[in-house]
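First comes the structure, then the notes that go with it.
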Amino acid sequence: MSDKVKFQAIKGVRDILPPESALWNRVEQTAREVFGTFGFAEIRLPIFEQTDLFKRSIGIDTEVVSKEMYTIPDGDIEHIRGLRRSLLEWEIKFGDFGDAELFLGLAVTLLTFIRQAQEDGLTQFEDVGLHALGDLTVAAKELSDLISARGLSKDTDTWNRLISLVERIRLASDRLEIGEDMSLRPEATASVVRAYIEHGMQVMPGNVKLYYMGPMFRRERPQKGRYRQFYQIGAEVLGSSDAPGIDAEVIEMLMRLFERLKLKGAVLNINSIGDKNCRPAYVEKLRAELQKVRNELGADSQRRIETNPLRVLDSKLESEQGIIAKLPRIAEHLCADCRTHYDEVKRQLGLRGIAYQENWRLVRGLDYYMRTTFEITAPGLGSQNAVCGGGRYDGLVELLGGPAATKGIGFAIGTDRLVLSLQEAGEGETPGGPAGKAAGPDVYLAWFGAAAQSAAIGLARRLRDAGFVVELPAIEMKFGKSLGLADRLKARHAVIVGDDELAAGVVTVKRLSDGTQQKLGEQELFSYLRAI
Ligand code: AMP
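Sequential numbering from 9 applies to the sequence shown in the numbering used here.
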């Protein structure tokens, strides 16, 4: 016997099965409701974007961008790369001043490429590409005409014209810059900001309040609470105001969601990381202090002294904790504006009755992050205990080409971790019953005989219209087998339709928990089921 092929989900990627999916739905639905009451509306974003969007926003130096992105060459690029490769090969061959047949081969390659490019709609791309493709087409045509007119003659005039045509073709192909690499999104803030700019949302009244939910992709080492396809629920506020009340309200919205979900033991950590006025001086001070203890630090932190000293504060390495505790703290180096902003955020959290811990080590390593940063941890998650991270990013809109004065703040909840924490705390219950045991159907509709099948189909429709969950066997089964299946499906009632019932205009209703049964007309059946 041949080996059977067995497919498995890719490493770090998983299926979310019923009944767990019911908990996911509840989490997402609650987020929609809570965010809606704060005036947030959903934005649905693409799952892939130009790679450059992430390089520019998250930063090329970050691990997310440099190591963890799933990047896909655009099909169009492959096309052009293929052409360049063959041109290079032709050039090498021409270098030997080989047979003039080579030129014919080149003309055929080019014309095929152009025809294919046009069929693929490549000509619809940016002007520069279109222009270059036009040049390429003309040159290829001249090349093929020249060869057909003069044959493969090696006279100097033909030869020179061939060489200059090849040069033109090479130049045109160099200018063919159509399409770009794309990447699966590792996070969604960049996409929200891209969409905000692309659709000119700055003209909308007040701050723009958006939320999103969906999968993100990072090639991280999988472990509990860390996956390669994971899910986030996030929200962003974009607009001209950076009032501390916005920061506090965004955090309040998050805490309301966690409260509604009965997430216990969530701890809010906050910090301010200053802005472009005060942070550079602090970073230099930090760098200088780190230089002094360089030899006591691990390799990652040593590297970060140059690239991004703030990230050293993030380190979880046991041996570095004592050193980090003695480093200068940003809170003591904030400029007056940042200090006032931070104090006001804290006061406003107080007004909202929100408990928080100040954590001076909570940083975001990217330049455009500023002032408020926050993180929420939850129990039951082991070392990956952050369920949500967020912060203010007033520079990002400008960095991505939008209006300079635009401010922004947002957060992303790790849905996988939130669900995990709820399950660990036994809050995985759904209204239909514990999430660990899916509720069975309200009615198992057993039918016997062709006439009964037709009646059962009609009854099933009316029951479902009334909101009952109905299991209708697709094929006729023997009585015992059918009722056995009703039991195994954990149906609450078996409703039996056979010839006798049809003749009497009733159905038999059997309560499966205790086996009691009675005959009821359709109206009575509905009243009976509703009363339960
Ligand atoms: P970040 O976008 O890195 O600020 O992450 C925000 C939140 O997303 C974190 O607090 C985690 O809860 C969650 N998260 C980030 N990376 C992963 C991952 N690989 N697997 C599961 N959850 C993640």
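Even glycine gets a Cβ: it sits at the ideal position worked out from N, Cα and C. Computed from a predicted structure; not experimentally measured.
Given residue i as reference, the closest of the options once Cα atoms are compared
{"i": "Q299", "options": "A468, N316 and L276", "result": "N316"}
{"i": "P213", "options": "G247, Y235 and S152", "result": "G247"}
{"i": "C343", "options": "M378, G90, Y78 and L96", "result": "M378"}
{"i": "T381", "options": "R472, I278 and V201", "result": "I278"}
{"i": "E383", "options": "S280, Y239 and K415", "result": "S280"}
{"i": "K255", "options": "Y350, F238 and S172", "result": "One detail in the question is off: residue 255 reads as Asp in this sequence, not Lys. Selected option, being the one with the closest Cα: Y350."}
{"i": "D153", "options": "A115, M263 and V72", "result": "A115"}
{"i": "G448", "options": "V477, A459, R425 and A433", "result": "V477"}
{"i": "R538", "options": "V514, V515, G475 and G513", "result": "G475"}
{"i": "K232", "options": "Q392, D143, L173 and K75", "result": "Q392"}
{"i": "G282", "options": "E150, V291, A251 and F46", "result": "V291"}
{"i": "L471", "options": "E150, I338 and L533", "result": "L533"}
{"i": "R372", "options": "V514, A274 and L318", "result": "L318"}
{"i": "A330", "options": "V301, D308, E127 and R295", "result": "Residue identity check: residue 330 is Gly in the sequence provided, not Ala. Measuring from the Cα of G330, the nearest candidate turns out to be V301."}
{"i": "L467", "options": "K486, L407, L491 and V515", "result": "V515"}
{"i": "Y219", "options": "R312, F46, D308 and D402", "result": "F46"}
Cα-Cα separation, residue i to residue j
{"i": "E57", "j": "D165", "result": "49 Å"}
{"i": "E509", "j": "F48", "result": "54 Å"}
{"i": "Q210", "j": "K217", "result": "11 Å"}
{"i": "E28", "j": "Y239", "result": "14 Å"}
{"i": "P336", "j": "D322", "result": "14 Å"}
{"i": "R500", "j": "D450", "result": "5 Å"}
{"i": "S181", "j": "L96", "result": "11 Å"}
{"i": "D135", "j": "Q310", "result": "Here D135 scores only 46 on pLDDT, less than 50, and its place in the model is too uncertain to base an answer on."}
{"i": "L118", "j": "A243", "result": "49 Å"}
{"i": "Q132", "j": "Q16", "result": "Unreliable positioning characterises Q132 in this predicted model, as indicated by a pLDDT of 48, which lies under 50. The coordinate reading is nonetheless provided below. Taking the straight line joining both Cα atoms gives about 39 Å."}
{"i": "D620", "j": "I55", "result": "Residue coverage of the chain in this structure runs from 9 to 540, which leaves residue 620 outside it and unanswerable."}
{"i": "F121", "j": "S172", "result": "20 Å"}
{"i": "K354", "j": "K334", "result": "25 Å"}
{"i": "K489", "j": "R496", "result": "11 Å"}
{"i": "G418", "j": "V258", "result": "7 Å"}
{"i": "L141", "j": "L61", "result": "26 Å"}
{"i": "V1", "j": "I540", "result": "There is simply no residue 1 to check, as the chain begins at 9 and stops at 540 in what is shown."}
{"i": "D11", "j": "G20", "result": "26 Å"}
{"i": "K272", "j": "L31", "result": "16 Å"}
{"i": "G529", "j": "A463", "result": "13 Å"}
{"i": "G416", "j": "L144", "result": "45 Å"}
{"i": "G398", "j": "L404", "result": "14 Å"}
{"i": "G361", "j": "L262", "result": "13 Å"}
With 16 other Cβ atoms within 10 Å as the buried cut-off, status of residue i
{"i": "F266", "result": "buried"}
{"i": "G444", "result": "Residue placement at G444 cannot be trusted, given a pLDDT of 40 that sits under 50; the coordinates are not used to answer."}
{"i": "N303", "result": "exposed"}
{"i": "L359", "result": "exposed"}
{"i": "G409", "result": "exposed"}
{"i": "T550", "result": "Residue 550 is absent from the model: the chain starts at 9 and stops at 540."}
{"i": "Q526", "result": "exposed"}
{"i": "P194", "result": "buried"}
{"i": "A198", "result": "buried"}
{"i": "K518", "result": "buried"}
{"i": "R202", "result": "buried"}
{"i": "L305", "result": "buried"}
{"i": "L370", "result": "buried"}
{"i": "N168", "result": "exposed"}
{"i": "I421", "result": "buried"}
{"i": "N33", "result": "exposed"}
{"i": "Q531", "result": "exposed"}
{"i": "N285", "result": "exposed"}
{"i": "D522", "result": "exposed"}
Own chain partners of residue i with C-beta closer than 7 Å, once the 5 adjacent residues on each side are dropped
{"i": "R268", "result": "T38 and V42"}
{"i": "G253", "result": "Q356"}
{"i": "I155", "result": "F111, L112 and A115"}
{"i": "G506", "result": "F456, G457 and A460"}
{"i": "V72", "result": "I66, P194 and R226"}
{"i": "A147", "result": "L173, R176, I177 and A180"}
{"i": "R93", "result": "none"}
Neighbourhood of residue i by C-beta, 8 Å cutoff - its chain only, sequence neighbours within 5 removed
{"i": "T59", "result": "M77, T79, E188, D189, M190 and S191"}
{"i": "A494", "result": "Y452, A454, E479, A502 and L520"}
{"i": "E484", "result": "W455, F456, G457 and Q461"}
{"i": "I18", "result": "R236"}
{"i": "K149", "result": "L119"}
Close beta carbons around residue i, own chain, < 6 Å, minus the five adjacent residues each side
{"i": "A363", "result": "none"}
{"i": "Q461", "result": "W455"}
{"i": "A339", "result": "W368"}
{"i": "P411", "result": "Q210"}
{"i": "I241", "result": "A39, M221, I421 and T423"}
{"i": "A394", "result": "E383 and T385"}
Below-8 Å beta-carbon distance, residue i vs any chain C residue
{"i": "G436", "result": "Looking for chain C here will not work: only one protein chain is present."}
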